[in-house]
Each structure stands twice: as structure tokens, then as C-alpha cells.
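Asker:
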Amino acid sequence: MPKGYWIAHVDVADPAAYEGYREANAVAFAKYGAKFLVRGGAQQVEEGSQRPRSVVIEFKDLETAKACYHSPEYQHAKSLRDAASVGDLVIVEGYDA
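Once you know that position 22 of the sequence shown is 1066 in our numbering, the rest is easy, because the numbers rise by one and skip nothing.
#1: What residue does the alpha helix (DSSP H) around Glu1063 start on, and which one ends it?
#2: Rounding to the nearest angstrom, what Cα-Cα distance links Ala1141 and Ala1128 in this structure?
#3: Classify Gly1048 as buried or exposed, calling it buried when 16 or more other Cβ atoms lie within 10 Å of its own Cβ.
#4: On the DSSP bridge list, what partners appear for Val1089?
#5: Taking Cβ positions, are Lys1122 and Ile1101 nearer each other than 9 angstroms?
#6: What first and last residue would you give for the beta strand (DSSP E) that runs through Tyr1049?
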């Protein structure tokens, strides 16, 4: 079964408030077995445009990735994120070769 992924591109306007989001999202991510593959490291845009921060999170499958996003735990964290940043987030199914 293919894994599920969150792929996010974020522009953090208030780093101190964003820290509150990171603390709160840990609850949902622990509950749903999330694994960070990329978490705001150095990046170089080769084509197009990009927000300054990229994040890739792996879940056991697409349904788990979606369930985490819609969970009360993550929605609480999201309310903190929305006040501190703007971004784009997609939930995608991985490729199972």
C-alpha cells in the first residue's frame, strides 16, 4: 500500500507564534505516526517560485494522512499556524513501485 504525504510550502510571518504551532502539531503527528522527511532545511529554487520553508511529512497511507489533517488535534494546531504564517499544503499518495 502506498504511503501518504503532506507537502507544504510556508512563509512564516511570526516565528515566535509559529513555535506554538510546532508544539501543538506534535500531538496530532504522534497520534497518526507522522514522520518528517523535510522540515524547513536549506533549499534552492531551480524553476518557478517557492515559499521560503518546505516541509514533507510521511504517513503510513493516504487515509491516515487525511485523517491527521482533519483531526481535532491538528485543526487546533492549524488555528495557531494560520495566525503565524501563510502556506500551501497538499496531501498526496506516494508511488508504490
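Just so you know, even glycine gets a beta-carbon here, dropped at the ideal spot from N, CA and C. In this text the structure is predicted, and so the values were computed from the model without any measurement.
Answerer: From the atom records:
#1: Pro1059 to Lys1075
#2: 38 angstroms
#3: buried
#4: Val1089 is not bridged to any residue.
#5: no
#6: Gly1048 to Val1056
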